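So the sequence lines, in the order shown, correspond to chains A and B.
In the numbering used here, each residue's number is its place in the first sequence (first place is 1) plus 3.
In the numbering used here, each residue's number is its place in the second sequence (first place is 1) plus 3.
All C-beta atoms, glycine included, are put in the ideal place defined by N, C-alpha and C.
Computed from a predicted model, the values in this text were never measured in an experiment.
As structure tokens, the structure follows; a few thoughts come after it.
There are 2 protein chains.
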Amino acid sequence: MIRPADRTRQALVDAAVAVFAEKGYEGASVREITRKAQANQAAITYHFGGKEGLYREVLRATFQAFKAFNLLEPEKLEAMEPQEALRLFVRQQLLPLNKREQLARFIRILNWEVLQRTDAFQELVVSENTSVLPVAEGLVRRFLGEDADPEAVAISTLWLLHQGFIFVRDYEHLGRAPLNFKLDDDFVERLADLLSRLLTAGLSGVTRV
Amino acid sequence: MIRPADRTRQALVDAAVAVFAEKGYEGASVREITRKAQANQAAITYHFGGKEGLYREVLRATFQAFKAFNLLEPEKLEAMEPQEALRLFVRQQLLPLNKREQLARFIRILNWEVLQRTDAFQELVVSENTSVLPVAEGLVRRFLGEDADPEAVAISTLWLLHQGFIFVRDYEHLGRAPLNFKLDDDFVERLADLLSRLLTAGLSGVTRV
DNA sequence: TTGAAATTCATACGAATGTTTGAATTCTGC
DNA sequence: GCAGAATTCAAACATTCGTATGAATTTCAA
Numbered sequence: 004m005i006r007p008a009d010r011t012r013q014a015l016v017d018a019a020v021a022v023f024a025e026k027g028y029e030g031a032s033v034r035e036i037t038r039k040a041q042a043n044q045a046a047i048t049y050h051f052g053g054k055e056g057l058y059r060e061v062l063r064a065t066f067q068a069f070k071a072f073n074l075l076e077p078e079k080l081e082a083m084e085p086q087e088a089l090r091l092f093v094r095q096q097l098l099p100l101n102k103r104e105q106l107a108r109f110i111r112i113l114n115w116e117v118l119q120r121t122d123a124f125q126e127l128v129v130s131e132n133t134s135v136l137p138v139a140e141g142l143v144r145r146f147l148g149e150d151a152d153p154e155a156v157a158i159s160t161l162w163l164l165h166q167g168f169i170f171v172r173d174y175e176h177l178g179r180a181p182l183n184f185k186l187d188d189d190f191v192e193r194l195a196d197l198l199s200r201l202l203t204a205g206l207s208g209v210t211r212v
Numbered sequence: 004m005i006r007p008a009d010r011t012r013q014a015l016v017d018a019a020v021a022v023f024a025e026k027g028y029e030g031a032s033v034r035e036i037t038r039k040a041q042a043n044q045a046a047i048t049y050h051f052g053g054k055e056g057l058y059r060e061v062l063r064a065t066f067q068a069f070k071a072f073n074l075l076e077p078e079k080l081e082a083m084e085p086q087e088a089l090r091l092f093v094r095q096q097l098l099p100l101n102k103r104e105q106l107a108r109f110i111r112i113l114n115w116e117v118l119q120r121t122d123a124f125q126e127l128v129v130s131e132n133t134s135v136l137p138v139a140e141g142l143v144r145r146f147l148g149e150d151a152d153p154e155a156v157a158i159s160t161l162w163l164l165h166q167g168f169i170f171v172r173d174y175e176h177l178g179r180a181p182l183n184f185k186l187d188d189d190f191v192e193r194l195a196d197l198l199s200r201l202l203t204a205g206l207s208g209v210t211r212v
């Protein structure tokens with residue numbers, strides 16, 4: 004059974020995801036959210052305790068959305084050849100390109116947090132602690148070798164972590180001028196392929212001078 | 004001679020750079036700016052016609068700051084070996100790390116524009132039109148060859164353009180836990196070196212399977 | 001059906017926003 | 001030193017913001 008009150012609750016969260024993604028936490032107004040959700044102004048206070056409580060709910064939905072698509076299992080990755088593991092890692096990073104209708108707003112919400120970090124986000128990050136950092140670092144080590152310079156490993160790991168992000172962050176621009184890519188699944192596949200090869204060659208060749 | 008009125012003007016711009024960088028265009032308040040500049044509320048309207056006019060002035064200062072540090076001359080780059088040209092290109096991208104005291108706020112202002120594009124910024128971009136895109140594309144072509152797949156060239160170019168940005172955008176975090184890099188010039192030099200080698204190896208090896 | 005709890009609603013409150021106003025003050029050229 | 005322009009100033013204006021209020025309505029177990 005779906006209670007009418009739950010419908011209002013869900014409508015508020017849905018509208019909030021859209022508005023927070025568009026305007027950021029500070030820029031979003033409860034009035035716009037309630038208008039979009041066809042709910043009353045006071046509904047946010049009633050259901051979530053206030054604007055921040057609603058945002059916490061939106062952040063939970065955001066983390067949830069990314070977790071739902073996470074296919075990366077560190078154990079399996081380690082059993083694979085480094086090149087293949089890297090390719091899977093890249094593929095995972097680019098997954099938002101395939102699921103962009105579903106993840107676009109959540110990506111934007113995370114982007115906002117880079118510039119205006121909220122307490123709500125901070126607290127959720129430490130409590131969840133779902134870091135991909137060790138996975139990426141393990142991957143890097145397999146290319147650079149176990150006796151590699153720790154600083155080089157750290158930098159390369161940070162570097163690797165951002166490689167997919169480049170295309171995810173700006174994917175709205177990929178389809179527009181002057182690039183005009185047709186953003187279908189085939190394109191994403193070719194992108195993943197090229198990027199994997201760029202990174203494999205880079206990580207493989209970085210130790211050689 | 005410096006007229007007192009010009010001092011107010013300059014104080015407003017300086018304060019505005021700081022506040023716009025911190026809060027973004029929407030989030031910044033004219034009251035905070037005038038307070039920081041020790042000027043009157045109405046001074047912004049008087050000198051710049053309003054908040055947007057002041058922001059336009061800040062954007063001009065931003066573009067100016069980046070232009071002042073641009074050492075890249077496309078002709079010289081083409082005369083160099085690809086590896087060396089790429090290294091110089093990377094070096095230029097990482098320059099904000101060396102000049103971070105001077106460029107930090109301007110970088111943040113540009114980062115804000117990614118999420119909340121202002122009309123003022125849009126207009127200034129088209130009027131300035133100082134794109135590094137052709138430089139990067141030329142560089143990529145020298146590695147991939149003249150007969151390379153146009154899509155691969157486009158993707159690789161976009162990829163190359165973002166490589167320095169990875170470290171510039173998050174350079175505030177580089178020095179903090181859990182990375183704790185000591186952000187001196189030596190570190191930047193080592194970073195440029197490693198990144199150059201990663202990219203050189205990547206672009207050189209991408210055509211090989 | 002009834003009555004208490006849950007939910008919705010229109011409104012109001014205080015604070016913060018960008019801008020305007022008109023007087024007060026300072027600067028500048030003569 | 002003086003007139004007129006340029007600049008500064010405190011105050012007020014109209015909006016918008018997040019939240020609070022208390023009554024009206026709906027829901028749901030008994």
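Go ahead and label residue i buried or exposed: buried means 16 or more other beta carbons lie within 10 angstroms of its beta carbon, across all protein chains shown.
| i | result |
| --- | --- |
| Met4 (chain A) | Model confidence at Met4 (chain A) stands at a pLDDT of 46, short of 50, so the residue's coordinates are unreliable and nothing is read from them. |
| Gln166 (chain A) | buried |
| Leu269 (chain B) | The requested residue 269 (chain B) is not part of the displayed model; chain B covers only 4 to 212. |
| Leu106 (chain B) | buried |
| Thr37 (chain B) | buried |
| Arg1 (chain A) | Outside the shown range of chain A, which is 4 to 212, sits residue 1 (chain A), and nothing can be said about it. |
| Arg177 (chain B) | For the record, residue 177 (chain B) in the displayed sequence is Leu; it is not Arg. Buried. |
| Arg59 (chain A) | buried |
| Arg120 (chain A) | exposed |
| Arg200 (chain B) | buried |
Rounded to the nearest angstrom, what separates residue i and residue j at their Cα positions?
| i | j | result |
| --- | --- | --- |
| Asn101 (chain B) | Ala151 (chain A) | 26 Å |
| Phe170 (chain A) | Ile47 (chain B) | 39 Å |
| Glu78 (chain B) | Phe66 (chain B) | 22 Å |
| Gln41 (chain A) | Asp17 (chain A) | 11 Å |
| Glu87 (chain A) | Ala45 (chain A) | 53 Å |
| Glu25 (chain B) | Glu126 (chain B) | 22 Å |
| Arg111 (chain A) | Asp189 (chain A) | 24 Å |
| Glu131 (chain A) | Phe51 (chain A) | 21 Å |
| Arg12 (chain A) | Leu182 (chain A) | 40 Å |
| Gly148 (chain A) | Asp9 (chain A) | 54 Å |
| Leu29 (chain B) | Lys70 (chain B) | As written in the sequence, residue 29 (chain B) is Glu, which differs from the Leu given in the question. Each residue's alpha carbon lies about 26 Å from the other. |
| Leu91 (chain B) | Glu81 (chain B) | 11 Å |
| Trp162 (chain B) | Thr133 (chain A) | 27 Å |
| Glu122 (chain A) | Val128 (chain A) | It should be noted that the sequence gives Asp, not Glu, for residue 122 (chain A). Their backbone Cα atoms lie some 10 Å apart in a straight line. |
| Tyr49 (chain A) | Lys39 (chain A) | 17 Å |
| Met83 (chain A) | Glu154 (chain B) | 29 Å |
| Leu186 (chain B) | Asn43 (chain A) | 51 Å |
| Phe168 (chain A) | Ala180 (chain A) | 20 Å |
| Tyr174 (chain B) | Glu35 (chain A) | 35 Å |
| Ile158 (chain A) | Gln96 (chain B) | 16 Å |
| Ala68 (chain A) | Ala68 (chain B) | 40 Å |
| Ala64 (chain B) | Ala64 (chain A) | 40 Å |
Do the CB positions of residue i and residue j come within less than 7 Å of each other?
| i | j | result |
| --- | --- | --- |
| Phe109 (chain B) | Leu62 (chain B) | no |
| Phe23 (chain B) | Ala31 (chain B) | yes |
| Ala195 (chain B) | Arg103 (chain B) | no |
| Trp115 (chain A) | Gly56 (chain A) | no |
| Pro85 (chain A) | Phe184 (chain A) | no |
| Leu98 (chain B) | Phe72 (chain B) | yes |
| Val156 (chain A) | Val143 (chain A) | yes |
| Lys54 (chain B) | Val20 (chain B) | no |
Less than 8 Å between the CB atoms is what I'm expecting for residue i and residue j, so what's the real figure, rounded?
| i | j | result |
| --- | --- | --- |
| Glu192 (chain B) | Thr160 (chain B) | Contact doesn't hold; Cβ gap of about 26 Å is too wide. |
| Leu198 (chain A) | Val138 (chain A) | Between Val138 (chain A) and Leu198 (chain A) the Cβ distance is about 17 Å, and since that is not below 8 Å, they are no contact. |
| Leu113 (chain B) | Leu118 (chain A) | Actually they do not touch by this definition, with Cβ atoms about 11 Å apart. |
With respect to 6 Å, is the separation between the Cβ of residue i and the closest non-hydrogen atom of the ligand ADP below this value?
| i | result |
| --- | --- |
| Glu60 (chain B) | This structure does not include the ligand ADP; it has no bound ligands of any sort. |
Inset, instruction - Could you tell me whether the segment 200 to 211 of chain A touches the segment 189 to 206 of chain B, where touching means 3 or more Cβ pairs closer than 8 Å? - result: yes
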